[in-house]
Amino acid sequence: MERESDAFDALDLQLLAALELAGRAPFSRIAAVLGVSDQTVARRYRD
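Going by full-length UniProt numbering, 22 is the number at position 22 of the sequence shown; the sequence numbering is gapless.
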């Protein structure tokens, strides 16, 4: 499934910041910090 826009939203930017700080952290930990599901983090990372 393709996203409607290639622009980054606030969650994308938060995910990028989290990965810059702790690039090897599991998606579940990043998701907990960002307040979203680990599936959301995995999908945003992949897409």
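Cβ atoms here follow ideal geometry from the backbone N, Cα and C, with glycine treated the same way. This structure is a prediction, so every number in the text was calculated from the model and none was measured.
By the CB criterion at 7 Å, V41 and F27 fall inside the cutoff. The C-alpha of L34 is placed about 11 Å away from the C-alpha of A10. A direct Cα-Cα distance of roughly 17 Å separates R46 from A22.
Listed in chain order, the alpha helix (DSSP H) elements of length 4 or more contained wholly in the UniProt domain "HTH asnC-type" (9 to 46) are 10 to 21, 27 to 34, 38 to 46. The C-alpha of D6 lies about 19 Å from the C-alpha of L19.
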